[in-house]
Structure formats: C-alpha cells, structure tokens
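J.:
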Amino acid sequence: MKRFKLFTVIALFVMAIPCNAQLTINIRYTGAKGAAKKYVKEMEESGIADRIRAVEGCLRYDYFFPADDPEGLLLIDEWADQAALDRYHASPMMGEAAALREKYELGGRQIRRFNPLAQDARAFVQTVDFSVWPQGQPNTAYAQYFTGNSYLAPMDGGVANVTFEPGCRNNWHIHHRQVQVLICVAGRGWYQEWGKPAVQLVPGTIIEIPEGAKHWHGAAADSWMQHLTFHKDVQDGASNEWLEPVSDEQYRSVRN
Ligand code: MN
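Note that this note's numbering has the sequence shown beginning at 409, numbered continuously upward.
Have a look at this one:
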C-alpha cells in the first residue's frame, strides 16, 4: 500500500510537469590554467552552490567538465518554473557567483534554455553567446522601470549593450529632446510605439525612436534579446520619462 502511494505521488509529479513551465538551462564557460575547476571548487566549498540548490523550486544545480574542453565547464540547472528562477536571480547568490566568475576570469559564456512546453521538448528555446556581446551586470539602477531581468554593459563611444531575459521588457517611456537608436545584435524581441503595431527585433534591425514618442522595447517571450543603444540629436534639457509597465495583456498582443 505504501509503495502504491509513493508511486502515485511520483506519477502525479511527472504528469504535472507538462502543465508547468519547467525550465532546463545549460551554461558553458571556458577559463584558462584550470580556472574552471577552481571556480567549481570554491562554489562548492563556500556553500554558494548549496544555497542555490536550497532555493524553492530549484530542481537541479550541477557542474560537469566537458570531455572536449579541458578548460571548459558545463552547468546544468533546472527550475520548477520561471518564478523559481526569478527567486534565484533576486537572491544574493546571483551576485556572489558572478563575482567568483570574475575572480577566476571565466569567459566564453553560452546559455541554452530548454522549455518542455515547446513542441519538440528537446529543442532549445534560444542560445546566447555572451563572448560576442557582453552580458554586463544586472541592470539594478533601472530595474524599477523593467518587467523581468535585464543586464547593462556600458561600451565605448557612448554606446550601451542591454540584454533582456525572455519575457523582459521596459515600461512605456519617452525620450525627450533626444533620439534613441536601437541596434539589435542577438536573440529576438520587440519594439512598439504607442498606438502602432510592434516591430520585431532580430540581429541587424535598427530602430530610430523619434523624440517624444511613447514606446517600449524588450525580449520575445521565448528568447533573450540584446540591443546596442545610444542617443543622438541630444538637445539641452534632454531627459527620459518613465511611464506605466507594459501589461501582460499588451505584451501578449504582440505576436511573440
Ligand atoms: Mn527607449
């Protein structure tokens, strides 16, 4: 009887998976002179990895060393749903792990994200190679004006690279007395002006946002997106006016 109950519990759990947006994420890093192994050692011995595993909804957080790259590292993490992943991203461990990666100069970051709700559960939703355009740091200064997580990498020439996680977008906003230019460099996303249909952003898409136009920009629901941005025709008194968030209803109404 006990065995039957246990089996039922497991069966219910397995059956429940397709109903949840469970996420599997594979991240590859590369280092030099054994840095990847040293990084894993410190993640484990410091307890950071175990504290990540203890986050509610973390199903797995495991490191592996690839046979084809002695300096490489593969992290496989699984989350019950996006909310679980968001809990980790909001925790101090997110910054602690990033600081350790900086300490050991781990680079070549590539992320693959799998979603079992995709028609082919083996198909990864998207890949981002952060060795091409840097991910930068969590965009904490502007987080209050964003839905979801974004990252900011200031670059030379007054250009910034902004990375949006899947589903992340900024609030409706207006750039006064300046023209904002967006150049999509990775992934897929959307730009929308108030009252107009959304324009899809893919690598190579360039958008010139008219001065004073109410708009938002962000990632597609199933893809990361990176765009470079800079301002031109900047006049005296130029400013940004942040308005209401793009509601889920508004966001869903673009094709995504
Ligand atoms: Mn803008």
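Where is the CB? At the ideal position from N, CA and C, for every residue including glycine.
Which same chain residues, not among the five before or five after K446, have their C-beta less than 7 Å away from its C-beta?
T.: The count along the sequence shown starts at 1 and reaches residue 446 at position 38. Only Y512 meet the Cβ criterion.
J.: Q545 and A568: beta carbons closer than 9 Å?
T.: Along the sequence shown, read from residue 1 onward, the residue named residue 545 stands at position 137. Along the sequence shown, read from residue 1 onward, the residue named residue 568 stands at position 160. No, Cβ-Cβ distance for Q545 and A568 is not below 9 Å.
J.: Count the other CB atoms, across all protein chains shown, that sit within 10 Å of the CB of Q375; report buried if there are 16 or more and exposed otherwise.
T.: This structure leaves residue 375 out entirely; the chain is present only between 409 and 664.
J.: Which residues bound the alpha helix (DSSP H) around V448?
T.: Within the sequence shown, the letter at position 40 stands for residue 448. Note, V448: alpha helix (DSSP H), 443 to 453.
J.: In this structure, what does DSSP give as the bridge partners for M633?
T.: Reading the sequence shown from its first residue, position 225 is the one you call residue 633. According to DSSP, M633 bridges with F572, G595.
J.: Rounded to a whole number of angstroms, what is the C-alpha to C-alpha distance between M633 and V654?
T.: Taking the sequence shown and counting its residues from 1, one reaches residue 633 at position 225. Taking the sequence shown and counting its residues from 1, one reaches residue 654 at position 246. One C-alpha to the other measures close to 17 Å.
J.: Could you please give me the residues that DSSP links to G626 through a beta bridge?
T.: The residue you call residue 626 lines up with position 218 of the sequence shown. G626 is bridged to R577, W598.
J.: Going by the DSSP bridge assignment, what does L560 pair with across the sheet?
T.: Walking along the sequence shown from the start, residue 560 turns up at place 152. Partner(s): Q545, V570.
J.: So does H584 have its beta carbon nearer than 8 Å to some heavy atom of the ligand MN?
T.: Counting from one through the sequence shown, the residue named residue 584 turns up at place 176. Result no, Cβ not under 8 Å from the ligand MN.
J.: Spell out a yes or no on whether the stretch 602 to 617 and the stretch 537 to 557 are touching, meaning 3 or more CB-CB pairs, one atom from each, closer than 8 Å.
T.: With a cut-off of 8 Å, the stretch 537 to 557 and the stretch 602 to 617 do not count as touching, because too few Cβ pairs lie within range.
J.: Under a Cβ-count criterion, where at least 16 other Cβ atoms within 10 Å of its own Cβ denotes burial, should H474 be classed as buried or exposed?
T.: Looking up residue 474 in the sequence shown gives position 66. Per the sequence shown, the amino acid found at residue 474 is Pro instead of His. Counting Cβ neighbours within 10 Å, P474 comes out exposed, since fewer than 16 surround it.
J.: Using DSSP with H/G/I as helix, E/B as strand and the rest coil, what is S539?
T.: Here residue 539 refers to the residue found at position 131 of the sequence shown. The answer is coil: DSSP assigns S539 none of H, G, I, E or B.
J.: Can you grab the Cα-Cα spacing for the pair S661 / Y496, in whole Å?
T.: Along the sequence shown, one-based indexing puts residue 661 at 253. Along the sequence shown, one-based indexing puts residue 496 at 88. Taking the straight line joining both Cα atoms gives about 29 Å.
J.: Go through the stretch 460 to 512 residue by residue and report every complete run of the alpha helix (DSSP H) that reaches 4 residues or more, in order.
T.: Fully enclosed alpha helix (DSSP H) runs of 4 or longer: 490 to 497, 500 to 511.
J.: For L514, count neighbouring Cβ atoms within 10 angstroms of its own Cβ and tell me buried if that reaches 16, exposed if not.
T.: Sequence index remark: in the sequence shown, residue 514 carries index 106 (1-based). It counts as buried.
J.: Using the DSSP secondary-structure output, state which residues sit across from V587 in a beta bridge.
T.: For the purposes of this step, residue 587 is identified with residue 179 of the sequence shown, where counting begins at 1. Its beta-bridge partners are K640.
J.: For the putative contact between R436 and L482, defined by C-beta atoms under 8 Å, what is the C-beta separation to the nearest angstrom?
T.: Indexing the sequence shown from 1 puts residue 436 at position 28. Indexing the sequence shown from 1 puts residue 482 at position 74. With a Cβ gap of about 5 Å, R436 and L482 count as contacting.
J.: For a cutoff of 9 Å on Cβ pairs, would you count E513 as touching chain D?
T.: Note that chain D does not occur in the displayed structure, where there is just one protein chain.
J.: Is any non-hydrogen atom of the ligand MN found closer than 8 Å to the C-beta of I591, if you look at the structure I gave you?
T.: Translated into positions along the sequence shown, residue 591 becomes position 183. No, the Cβ of I591 stays beyond 8 Å of every heavy atom of the ligand MN.
J.: Sorted by chain position, which residues of the same chain lie with C-beta nearer than 8 Å to D641's C-beta, five sequence neighbours on each side aside?
T.: Residue mapping note: residue 641 aligns to position 233 of the sequence shown, counting from 1. Answer for D641: Q586, V587, E619, listed in chain order.
J.: Would a C-beta distance cut-off of 9 Å place H584 and A646 closer than the cut-off?
T.: Locating residue 584 in the sequence shown gives position 176, where the first residue counts as 1. Locating residue 646 in the sequence shown gives position 238, where the first residue counts as 1. Contact: yes.
J.: For V607, write down the residues that DSSP places opposite it in a beta bridge.
T.: Position 199 of the sequence shown, counted from the first residue, corresponds to residue 607. For V607, which the question treats as bridged, DSSP gives the partners Y599.
J.: Can you tell me where the alpha helix (DSSP H) holding R696 begins and where it ends?
T.: Because the chain in this structure spans residues 409 to 664, residue 696 falls outside the shown range and cannot be described.
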